[in-house]
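To keep things clear, I will list the structure first and then write my remarks on it.
In mature numbering (1 follows the signal peptide of the UniProt record, and there is no 0), the protein residues as written are -22 to -1, 1 to 547.
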């Protein structure tokens, strides 16, 4: 509307002259022609002024004048002047000016004409977007750009009693069934990881997103980020590569279709569609596939919801012999008002991972003339997926004891199947608004963890390892800091068993990420400016069970400090 102000003022000024001129013509009929000329010239001058200042294009100005002249002619034809009154009796002849007939127009009619003209001009200007010659295209208003840049300094302090990296070296092991719980180092050699030497790293994270509203029912989102292609639970990039450039990746690319206010379908690569926490899914994990969210209308203060989805993890290389890996998930939950200042939410989710467990290869595949050898090790848990913590099992064929052939190295697969059941509970109360008191609790159990089934499938036998996890978090302050002087502080306790969830998508912060980890996180953040926060976190994590399973005394512990500066837009 601001772009139409010059035009609106000009038209209203021209129209406002009309009542005064009408009064003049009524009081002095002889001045009608002069008054109309004043009105005509004033309007033309105003239009010319708009053209000269660039507010109104020349072609639009000419069109306005033509339209006004045509309407004047039509009005004159449809409203002929009234018949002159009957001749009166002769009166005393006096010298006077020639008689002039003035057509009377009621004030209400003039007001109506002025309002119609004003509405027509404004509507045309708004529709054709010519009131301002520098106006941006209409599609720009449908795109919302957002993002953030975070710079972090992280110091990791490793315990001196940690097992040295050589203790994780299982690359050359050929004993069927030997397992490990440090997936990051298994099959990689002793130089692949650091367990003893403190390190300090500066890291950066940049995210840029575009939300596009195509219609009232459909929209799309695209987001690009920094980071590594193999880091599924992190978008941070460690600085220090000789001033080299860093890569950007497509982090999200999804379509949303909402046929009704209560149904929302997403397709593509999307943010986590489930209500969750970092006990099960790292906040940086995004999903590939299809998700459907339902929010049926109910009484105010109670909002149930349901989410279901299908998400491929890998494609089928050879459909006749190799099955694709995928996850199907479903969740039911509800949010409700407990009081005017307190709101609670509960959600129960179940995730069914298919075909990601390891299967021991048959000796037939390495026999002379055997078939199917081109997909030998197809159930491997790829090193590019691994974080750390899951129990792995060597899946080579029993007779595969050499290291000379392409199939002679140790191939590692997940010992357990994974069907996690996740319960999430959250209470947010603001009795001292804007200060909130937030408590959340999570519990997860892998319903498919079965030592007997693992031994039958892989030949591996072990007695420890855990299939459950839990987390409690307390937060005081503003949950999402956006303004100057807003703040929050939080304390989190966590214990996540080795095989409660796949470690590929678990939290990547506590204990440097993964499962088989317990500890706590103490943190706080402060708004040093609008959309700018300074945060500090202390994370202390240690393994629950032996990380190598070669010696019960093996252990791993690390304490980390993270100092963050984050700017959002």
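All C-beta atoms, glycine included, are put in the ideal place defined by N, C-alpha and C.
With contacts defined by Cβ atoms closer than 7 Å, residue 377 and residue 420 do not form a contacting pair.
Put simply, the stretch 211 to 228 touches the stretch 175 to 184. At least three CB pairs are less than 8 Å apart. DSSP, reduced to helix, strand and coil, places residue 523 outside both helices and strands of the structure shown, so it counts as coil.
Rounded to the nearest whole angstrom, the CA to CA distance from residue 316 to residue 358 is 48 Å. In the three-state DSSP reduction, residue 199 falls in the strand class (E or B). A contact between stretches requires three or more CB pairs, one per stretch, nearer than 8 Å, and the stretch 386 to 401 meets this requirement with the stretch 478 to 490. Inter-segment contact for the stretch 237 to 251 and the stretch 261 to 276 is present: three or more beta-carbon pairs are separated by less than 8 Å. When DSSP states are grouped into helix, strand and coil, residue 92 belongs to the helix group. Here the C-alpha atom of residue 240 lies approximately 26 Å from the C-alpha atom of residue 124.
A distance below 7 Å separates the beta carbons of residue 447 and residue 257. Residue 36 and residue 119 have their alpha carbons spaced roughly 27 Å apart. In this structure, residue 228 keeps its C-beta atom at 7 Å or more from the C-beta atom of residue 190. Residue 539 sits close to residue 133, with the two beta carbons spaced by under 7 Å. Judged by pairs of C-beta atoms under 8 Å, the stretch 449 to 458 does not touch the stretch 363 to 376, as fewer than three such pairs exist.
Rounded to the nearest angstrom, the gap between the Cα atoms of residue 285 and residue 251 is 7 Å. Contact check for residue 524 against residue 532 passes: the beta carbons are separated by less than 7 Å.
Each residue's CA atom was taken as its position, placing residue 492 and residue 367 some 6 Å apart. Under the DSSP assignment, residue 436 falls outside any beta strand (DSSP E), being part of the alpha helix (DSSP H) whose first and last residues are 429 to 436.
Taking the C-beta atoms as reference points, residue 415 is found no nearer than 7 Å to residue 390.
A Cβ-Cβ separation of about 5 Å places residue 462 in contact with residue 507 under the 8 Å criterion. Proximity to residue 494 across 44, 365, 436, 406 peaks at 365, based on C-alpha coordinates. Put simply, of 543, 526, 545 the residue whose alpha carbon is nearest the alpha carbon of residue 158 is 526.
Excluding residues up to 5 positions away in sequence, 200, 246, 247 lie with their Cβ nearer than 6 Å to the Cβ of residue 231 in the same chain.
233 is the residue among 409, 233, 387 whose C-alpha sits nearest the C-alpha of residue 195. Take residue 29, set aside five residues on each side of it, and the residues of its chain with a beta-carbon closer than 6 Å to its own are 36, 39, in chain order.
If you draw a straight line from the Cα of residue 126 to the Cα of residue 544, it is about 7 Å long.
Within the same chain, and ignoring the five residues on either side of residue 268 in sequence, the residues whose Cβ sits closer than 8 Å to its Cβ are 243, 244, 245, 287, 288, 289. Under the DSSP definition of a beta bridge, residue 474 partners with 447, 495. Counting along the chain, residue 205 sits inside no beta strand (DSSP E), nor does DSSP assign it H or E at all. Just so you know, the alpha carbons of residue 428 and residue 141 end up roughly 28 Å apart. Across the structure, residue 475 and residue 442 are spaced so that their CA atoms are roughly 10 Å apart. Comparing alpha-carbon positions, the option among 131, 528, 343, 318 lying closest to residue 214 turns out to be 131.
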